[in-house]
Amino acid sequence: MCGIVGYIGPREAAGICYEGLRRLEYRGYDSAGIAVIRDGRMDVVKRVGKLRILGETLAAEPMPGPLAIGHTRWATHGKPSETNSHPHLSCDGKIAVVHNGIIENYAELRDQLTAEGHEFKSQTDTEVIAHLVEKLYDGDIFQAVLKAIEVMRGAYAIAVITEHEPDKIVAARLRSPLVIGIGEGENYVASDMAAVRQETDKVYVIDDGEAAIVTRDDIKLFKVTGEPIAKDPYVIPWPAEAAAKGEHKHFMHKEIHEQPEAMRACLAGRITEAADRVILESLNMTPEEIRGLKKVILTACGTAYHAGLVGRFMIEKLARIPAECDLAAELQARDPVILDNTLGIVISQSGETMDTLLALRELKAKGAKVVAVVNRVDSVIARESDGVVYIQAGPEIGVASTKAYTGQILTLEMIAVHFAEVRQTAPEAELKALRRALLACPDQAVELLRREPDVVKLAEKYWQLHNSLYLGRGINLPSAMEGALKLKEISYVHAEAYSAGEMKHGPIALVCPDLYTVAIAVQGQVYEQMVGNMQEIRARSGPVIGVVNDGDEAIREHLDDPILVPPCPELVSPITIALPLQLLAYHIADIRGEDIDQPRNLAKTVTVE
Ligand code: M6R
0 MCGIVGYIGP REAAGICYEG LRRLEYRGYD SAGIAVIRDG RMDVVKRVGK LRILGETLAA
60 EPMPGPLAIG HTRWATHGKP SETNSHPHLS CDGKIAVVHN GIIENYAELR DQLTAEGHEF
120 KSQTDTEVIA HLVEKLYDGD IFQAVLKAIE VMRGAYAIAV ITEHEPDKIV AARLRSPLVI
180 GIGEGENYVA SDMAAVRQET DKVYVIDDGE AAIVTRDDIK LFKVTGEPIA KDPYVIPWPA
240 EAAAKGEHKH FMHKEIHEQP EAMRACLAGR ITEAADRVIL ESLNMTPEEI RGLKKVILTA
300 CGTAYHAGLV GRFMIEKLAR IPAECDLAAE LQARDPVILD NTLGIVISQS GETMDTLLAL
360 RELKAKGAKV VAVVNRVDSV IARESDGVVY IQAGPEIGVA STKAYTGQIL TLEMIAVHFA
420 EVRQTAPEAE LKALRRALLA CPDQAVELLR REPDVVKLAE KYWQLHNSLY LGRGINLPSA
480 MEGALKLKEI SYVHAEAYSA GEMKHGPIAL VCPDLYTVAI AVQGQVYEQM VGNMQEIRAR
540 SGPVIGVVND GDEAIREHLD DPILVPPCPE LVSPITIALP LQLLAYHIAD IRGEDIDQPR
600 NLAKTVTVE
């Protein structure tokens, strides 16, 4: 995915676009560019590599001017290079386009335009938009963009400027996010509210099939069919600092530390003060529907998939509904059986992940009702679902998902408890204990963050080892999978997650002094078995870090180093266990000097299949 920005107003447009891009860099960071119009002339700069390289160029050679658009890229069509970077220009260089999305019929359009004499410079799909608009331009850039949209297939958020009409930005959206920031005597265009939050707290959220003409003093909204529309501004509910690193070295560190607050926001109003009921109206399900459920299919990618595995466990255990959890990219191939009264639950921080979106559509097409557990308000996955429970974590910018993960589990646990209440499938005493434990999560998170120095010591001891195993069982097998994913994606240390019960069927052959094992052995159903597995590893000279409960002295002889977590019901433990494992991954990566917020080859949101 990529990020786009635009600015028109009295200030230096390039600088404002650059600041906006800095807040969108999580969307892509292999190259970036800005186009400025000043005194009726277009000026473009593009650089390969991190955004700061573009920033250094702008500092050395400023590009003054009141109108600009900018782009930060994560390559899909064409490798990262200056030529493939946006903005892309028309043949005469008078029209510039930035684009997030994919133009599916670009090859066909490119052939047509080439036959008509247009010369392409890049290998990107986006460049066809610039040439198409140039071909269709007849004195009105807005009309030319609308006509281009008529023939483009795919997904796009675009911003277009032209030397011919240097008083406006034209923007449009289909299936890629777009907001118009509302200023005073100045206005903004961006992929995401985070990019404009420093400047304004009011935006128009542009919907699919809508377009805008943005000038200094006015914003006109339309359907892409050309008919004018009106909508209310959306007031961004979080402060400007939420999209900045503040005192933290990395966004990931900041977001790990935001978890107590994010959990409080997620729980607010959803569990009664007396802990006697879960209230989730936005699920949009009647008690009859919940009672009638025959099957639940959860689906997601990456970290959100791990949260889904916890959700599956909870729903089956408490609500006694057969539950499955699929990797979204695999769901279609599996062709799952959808019974009458099957509920789909899709989980996504961004609400934009293409594989998850396609899985959602597949479930709906097969007749399932679908509920989304999403962070990003108004995202496409939220809109296309029949019900949505927002996790309320605020903007998550670090590529490694942290606070969204614990928010997703918290939400899925509330859904499972709610289903059990309605279906009367678990004793009220157990449900009450779970509700209380969920309400206690924010305070437990505060305590776990206070213990960060203990995790730093572990990172200092183990950072040089290149291989690790993460073991769990039952509801904490997903915790092991998530711990391993965190470590590998930001530190590039090889980390494998297994059910501890599987060790003797093969992976135990890997065990040696150079491979450390993180074993999750909190009190609960699988505790004794985990202790046995830890003994087997230590008997083969493998060092063991045990994630164990405060006060469990007996287990200490079976581990080399403990990570202590406060006790809680086993079913809630994946939430608290996540924090020290996030911190362990973070500090190992930090000591190794890795680029934690922007790990190699990754983008925060994957909007391609
Ligand atoms: O935005 P989503 O939750 O749909 O994203 C899903 C995954 O791409 C995401 O969780 C990814 O695995 C993260 N990099 C993990 O830290």
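Residues in the sequence shown are numbered consecutively from 0, following numbering that gives the first Met the number 0.
Cβ atoms here follow ideal geometry from the backbone N, Cα and C, with glycine treated the same way.
Secondary structure within the segment 411 to 486: the alpha helix (DSSP H) runs of 4 or more consecutive residues, fully enclosed, are 427 to 449, 451 to 461 (chain order). With contacts defined as CB atoms closer than 7 angstroms, E254 and E395 qualify as a contacting pair. Between E209 and the set A444, A156, K365, G180, the nearest pair of CA atoms involves A156.
Rounded to whole angstroms, V546 and V345 show a C-alpha spacing of 29 angstroms.
In this structure the segment 516 to 535 lies against the segment 468 to 488, because at least three pairs of beta carbons, one per stretch, are closer than 8 angstroms. Looking at the DSSP output, S30 bridges to V47, R72. Nearest Cα to D200 within the set A242, A264, M313, D549: A242. Residue state for V345 is assigned as strand, using DSSP reduced to three classes.
Comparing C-alpha distances from Y497 to each of D137, I595, Y491, M533 shows the shortest one belongs to M533.
For V525, the shortest C-beta to heavy atom distance toward the ligand M6R is 6 angstroms or greater. Here the alpha carbon of H557 sits roughly 7 angstroms from the alpha carbon of R537. From the listed residues P568, G48, R599, Y6, the smallest Cα separation to L437 is found for P568. Taking 7 angstroms as the cut-off, the beta carbon of A299 is found no closer than this to the beta carbon of I408. DSSP, read as helix, strand or coil, puts M529 in helix.
For I278, the secondary structure class from DSSP, reduced to helix, strand or coil, is coil. With 16 or more other Cβ atoms from the protein chains shown falling within 10 Å of its own Cβ, I314 counts as buried. For C16, the enclosing alpha helix (DSSP H) has its first and last residue at 12 to 23. Contact annotation: the segment 579 to 589 does not touch the segment 316 to 329, with fewer than three C-beta pairs closer than 8 angstroms. With contact defined as three or more Cβ pairs closer than 8 angstroms, the segment 126 to 137 and the segment 79 to 90 are in contact. Excluding five sequence positions before and after R152, the CB atoms of its chain that fall closer than 8 angstroms to its own CB belong to I102, E103, N104, given in chain order. Between the segment 439 to 458 and the segment 561 to 577, the count of C-beta pairs closer than 8 angstroms reaches three or more; the two stretches touch. Its chain contains L582 as the residues whose beta carbon lies nearer than 6 angstroms to that of E451, once the 5 sequence neighbours on both sides are disregarded; these appear in chain order.
Contact between the segment 329 to 341 and the segment 352 to 370 is present: three or more C-beta pairs spanning the two stretches fall below 8 angstroms. In this structure, the C-beta of G100 stays at least 6 angstroms away from each heavy atom of the ligand M6R.
Collapsing the DSSP output to three states places M41 in a strand. In this structure, the ligand M6R has a non-hydrogen atom nearer than 6 angstroms to the beta-carbon of G301. Looking at the DSSP output, N548 bridges to V564. In this structure, the beta-carbon distance from I489 to P598 falls below 7 angstroms. Under the three-state reduction of DSSP, L359 is assigned to helix.
Secondary structure note for T113: its alpha helix (DSSP H) is the uninterrupted segment 105 to 114. Nearest in C-alpha terms to D442, of all of M529, R21, N466, Q258, is Q258. The three-state secondary structure of E254, taken from DSSP, is helix. Taking R555 as the centre and dropping the five residues before and after it, the same chain places the C-beta of P561 closer than 7 angstroms to its C-beta, in chain order. Using a Cβ-Cβ distance cut-off of 8 angstroms, the segment 131 to 147 and the segment 35 to 50 are not in contact, since fewer than three pairs of beta carbons, one from each stretch, lie closer than that value.
Three or more Cβ pairs closer than 8 angstroms define a contact, and the segment 275 to 282 falls short of that threshold against the segment 459 to 467. Contact between R290 and R422 holds: their C-beta atoms lie close to 6 angstroms from each other, under 8 angstroms.
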